[in-house]
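Student:
In this note's numbering, the protein residues as written are 126 to 625.
1) Would you please state the rounded distance, in angstroms, between the beta carbons of residue 515 and residue 479? I believe it to be under 8 Å.
2) Please report the residue range of the alpha helix (DSSP H) in which residue 304 lies.
3) List the endpoints of the continuous alpha helix (DSSP H) containing residue 254.
4) From the DSSP secondary-structure annotation, give me the bridge partner or partners of residue 353.
5) Where do the N-terminal and C-terminal ends of the alpha helix (DSSP H) with residue 561 fall, by residue?
6) According to DSSP, is residue 602 part of a helix, a strand, or is it coil?
7) My output table needs one value for residue 221: the three-state DSSP class, helix, strand or coil.
8) If contacts are defined as beta-carbon pairs under 8 Å, then residue 262 and residue 535 qualify, I think. What distance do you get, rounded to the angstrom?
9) With 16 other CB atoms within 10 Å as the buried threshold, where does residue 147 fall?
10) Identify which residue in 281, 251 and 248 has its Cα closest to the Cα of residue 264.
11) So the alpha helix (DSSP H) residue 385 belongs to, where does it begin and stop?
12) Say whether the segment 349–361 touches the segment 546–562, bearing in mind that this needs 3 or more beta-carbon pairs closer than 8 Å, one atom from each stretch.
13) Using the Cβ count rule (16 or more neighbours within 10 Å means buried), how would you classify residue 163?
14) For my contact list, residue 370 and residue 403 are in at a C-beta cut-off of 8 Å; report their separation, rounded to the angstrom.
15) So, with DSSP's three-state summary, where would you put residue 501?
16) Under DSSP, the alpha helix (DSSP H) around residue 643 begins and ends at which residues?
17) Here's a check: name, in chain order, each residue in its chain whose Cβ is nearer than 7 Å to the Cβ of residue 422, leaving out the five neighbours to either side.
18) So is the beta-carbon of residue 266 under 7 Å away from any non-hydrogen atom of the ligand FMN?
19) By Cβ distance, which residues of its chain are closer than 7 Å to residue 314, with the 5 residues on each side in sequence left out?
20) Whose CA, out of 596, 586, 587 and 589, lies closest to the CA of residue 565?
21) Can you give me the C-alpha to C-alpha distance between residue 407 and residue 366, rounded to a whole angstrom?
22) Check whether the segment 523–530 touches the segment 333–350, taking contact to mean three or more Cβ pairs, one atom from each stretch, closer than 8 Å.
23) At what residues does the alpha helix (DSSP H) containing residue 200 begin and finish?
24) Quick one: what's got a C-beta closer than 7 Å to residue 399's C-beta in the same chain, skipping five residues either side?
25) Suppose the cutoff is 6 Å on Cβ atoms and the five residues either side in sequence are ignored; what does the same chain contact list for residue 95 look like?
26) List the endpoints of the continuous alpha helix (DSSP H) containing residue 236.
27) If residue 230 and residue 184 are in contact, beta carbons under 8 Å, what's the gap, nearest whole angstrom?
28) Roughly how many angstroms lie between the CA atoms of residue 273 and residue 296, to the nearest whole one?
29) Output yes or no for whether 8 Å exceeds the beta carbon distance between residue 292 and residue 486.
30) Grab me the residues of residue 332's own chain with a C-beta within less than 8 Å of its C-beta, minus the 5 sequence neighbours each way, in chain order.
31) Short check: CB of residue 411 to CB of residue 358, under 8 Å?
32) For residue 153, which residues in the same chain have their Cβ closer than 8 Å to its Cβ, ignoring the five residues on either side in sequence?
33) Please list the terminal residues of the continuous alpha helix (DSSP H) segment that includes residue 528.
34) Using a Cβ distance threshold of 8 Å, determine whether the segment 378–397 contacts the segment 572–589, with at least three qualifying pairs required.
35) Could you pull out every residue in the same chain whose Cβ sits closer than 7 Å to the Cβ of residue 360, ignoring the five residues on either side in sequence?
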C-alpha cells in the first residue's frame, strides 16, 4: 500500500472516530438535558415542562419583536387579557413575568436594534415627565422611615409604576400612526367581547376544572355570594372583570354615537350591550361608576347643551330607578347593583371604618408606610406592619397608605391634569371621527378613575394597559387632526375671485 493510501486510510479512521466521539458527546448532552428537565418537572410541576416546551418559540418571538417592535406592544396588550386565564390553568406559572419579558424585549429592540427608526424627541412632553416624576417618588420610597421590605417594594412597584412608565414610553415611540387608534380600539373591544361571552359560558354552563379549583382554594369567599357565582370570565377576579366590562361598555356606547358607517355603529352598539351585561353578571357594584363617570365625561366633552340636559335626565332617571324604586328586584344582578347606592350598606360601612383607622394611623406619616405595605404584597412581605392587615379596598386608599398624603396629592394631581389636558385636546380636535374616538377613550379613563375609589382597578391588567395607551393616543392625536382652515386666507381668496 502506498504512503498516500495509508494517509487517506488514517484520515478516514480519524474522521470516523471524531464523528463517533461527537455523536456520543451530543448523546450525553441530550441525556443530561432530559434528566434535568424530568427532575425540574417532578420538583416544580407541569409549568416547568411547559416553559421548556415554549422556550424555542419564545426565542423566535423575541427575534420577531427585534425586527418589528410593534409586535411587542400589541402582543403585550393581548397578553394582558389572557394572562389571568393562563395563571389559573397552569399551576405554578409566574404569568406576571410575561409582561416584563414582552415590555423589556420591546424596549431593548427600540433602543439597541431599531434605534434609527424611532425619534426620541417624541418623549419630550408633559405626560412622559409626569410619569417619570411618579417613578422617581416610587424609588425615593425605598428609603421610607418605616423601613418596609424591599421585596414588597419590588413586587408592588411593578403595577404601581413600572408598567405605567414602560407602556407610556413605548406607545409614544411605536404606536404613532393614525391607523393605530383604530387598531387599538378593535383589539380591546374584541378581547372584551370575548371576555363577556366567556363569562356567559361560566354563568350558563359552569366553570371548568381549573377555575373550580381556584374557587375552592379561596376564590369562593368573594365569588360565591348567597349561593350565586360572581362571574370572573378570564380576568383575575369578578371585580376586575366587572370594571373592565363597564369601562369598555361606555367606550362602545360613545363610539356608537359617532359619525361612523351604519354597520360600524351597529357593531359598537351590540358590543356595548354585551359588555354592559358582562358588567351586570360580574356582581361588581363599583363597576356602575365606570358607566356613570364615562357618561358624564362624554356629556361634558361634546359641549352640546341639549344633549347634556337629555343625558343628565336619562342618567339621573336610571340612578333614581335603582335608588328609589324596586324595579328589577327579582334580578340578583340588579339587586346587587342597587346596593352600591345604599349609604347604609354593610360593606361601605366597613370601608369607612377602615379609612377612619387609617386617618389616625397616617396622621404622623406624611409619606405613608412605603410601597408594598398594603394589599397582597403587604400581607406577604410586610406582615409585621400594622397597616398590612387593613384591607385597602380602593386604589385611592392604597396610594394614600403607601405614599402618604404627599404622594396621594401628587398622584391625584397627575390624574386631574391628564383629564384636563385630554379635555383641552379633544375640544380643539376638528376631525369628527377622531374626536369621537378620543371622547370614548377619555370617557373610559374618567370612568375607571371614578370606580377605582371602590376597587383597585387602575393598577390591574388589562385596565392599566388600556388606560395608559389611551392617554398617549390622546396626546398624539393633534398630529392626526385635519388641518385648520384659516378664515383670513379664505377671505383673501374670495376677494381675488371677485376681482377676477
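Every residue, glycine too, gets a C-beta built ideally from N, C-alpha and C. All of these numbers come straight from a predicted model, not from anything done at the bench.
Tutor: Looking at the atomic coordinates:
1) Here the question's residue 515 lines up with position 390 in the chain shown. Here the question's residue 479 lines up with position 354 in the chain shown. Contact flag correct, Cβ pair sits at about 5 Å.
2) Residue mapping note: residue 304 aligns to position 179 of the chain shown, counting from 1. Per DSSP, residue 304 belongs to the alpha helix (DSSP H) from 303–330.
3) As a working note, residue 254 is residue 129 in the chain shown. Where residue 254 is concerned, the enclosing alpha helix (DSSP H) stretches over 251–265.
4) For the purposes of this step, residue 353 is identified with residue 228 of the chain shown, where counting begins at 1. Its beta-bridge partners are 350.
5) On the chain shown, position 436 is the one that residue 561 refers to. Here the alpha helix (DSSP H) through residue 561 covers 557–576.
6) The count along the chain shown starts at 1 and reaches residue 602 at position 477. In this structure, residue 602 counts as helix in the three-state DSSP scheme.
7) In the chain shown, residue 221 corresponds to position 96, counting from 1. Residue state, collapsed to three classes: helix.
8) Residue mapping note: residue 262 aligns to position 137 of the chain shown, counting from 1. Residue mapping note: residue 535 aligns to position 410 of the chain shown, counting from 1. Between residue 535 and residue 262 the Cβ distance is about 6 Å, and since that is below 8 Å, they are a contact.
9) In the chain shown, the residue the question calls residue 147 occupies position 22. Since pLDDT at residue 147 reaches only 43, below the 50 mark, its modelled position is unreliable, and no value is offered.
10) Start at 1 with the first residue of the chain shown, and residue 264 comes out as number 139. Among 281, 251 and 248, the Cα nearest to that of residue 264 is on 281.
11) Taking the chain shown and counting its residues from 1, one reaches residue 385 at position 260. First-last for residue 385: undefined, no H or E at that position.
12) no
13) On the chain shown, residue 163 is found 38 positions in, with the first residue counted as 1. Note on residue 163: pLDDT 49, under 50, position unreliable in the model; the coordinate value appears next. The residue is exposed, with fewer than 16 neighbouring Cβ atoms inside 10 Å.
14) Translated into positions along the chain shown, residue 370 becomes position 245. Translated into positions along the chain shown, residue 403 becomes position 278. Right, their Cβ atoms sit about 4 Å apart.
15) Position 376 of the chain shown holds residue 501. Helix.
16) Lying before the first or after the last residue shown, residue 643 is absent from the chain, which here runs from 126 to 625.
17) Translated into positions along the chain shown, residue 422 becomes position 297. Around residue 422: 567, 568 and 571.
18) For the ligand FMN, the structure offers nothing, since it holds no ligand at all.
19) Here residue 314 corresponds to residue number 189 of the chain shown, with the count starting at 1. Taken in chain order, the residues that qualify are 373, 377 and 396.
20) Taking the first residue of the chain shown as position 1, residue 565 is located at position 440. For the residues 596, 586, 587 and 589, the minimum Cα distance to residue 565 belongs to 596.
21) Numbered from its first residue, the chain shown carries residue 407 at position 282. Numbered from its first residue, the chain shown carries residue 366 at position 241. Cα to Cα, residue 407 sits roughly 7 Å from residue 366.
22) no
23) To locate residue 200, count along the chain shown from 1; it is residue 75. Where residue 200 is concerned, the enclosing alpha helix (DSSP H) stretches over 194–214.
24) The count along the chain shown starts at 1 and reaches residue 399 at position 274. Only 318 and 321 meet the Cβ criterion.
25) Lying outside 126 to 625, the shown extent of the chain, residue 95 is not represented and no answer is given.
26) Along the chain shown, one-based indexing puts residue 236 at 111. First-last for residue 236: undefined, no H or E at that position.
27) Residue 230 sits at position 105 when you count from the first residue of the chain shown. Residue 184 sits at position 59 when you count from the first residue of the chain shown. Not a contact, Cβ separation roughly 11 Å.
28) Position 148 of the chain shown, counting from 1, holds the residue named residue 273. Position 171 of the chain shown, counting from 1, holds the residue named residue 296. Looking at the two C-alpha atoms, the distance is approximately 33 Å.
29) Walking along the chain shown from the start, residue 292 turns up at place 167. Walking along the chain shown from the start, residue 486 turns up at place 361. Cβ atoms of residue 292 and residue 486: not closer than 8 Å.
30) On the chain shown, residue 332 is found 207 positions in, with the first residue counted as 1. 340 and 354, listed in sequence order.
31) Reading the chain shown from its first residue, position 286 is the one you call residue 411. Reading the chain shown from its first residue, position 233 is the one you call residue 358. Result no, Cβ atoms of residue 411 and residue 358 do not sit closer than 8 Å.
32) Position 28 of the chain shown holds residue 153. Low per-residue confidence applies at residue 153: pLDDT is 49, beneath 50, and the placement is therefore not dependable, though the value from the model is reported in the following sentence. Once the five neighbours on either side are set aside, residue 153 has no close Cβ partner at all.
33) The residue you call residue 528 lines up with position 403 of the chain shown. Its alpha helix (DSSP H) spans residues 520–552.
34) no
35) Counted from its first residue, the chain shown places residue 360 at position 235. Correct list, in chain order: 209, 320, 366 and 369.
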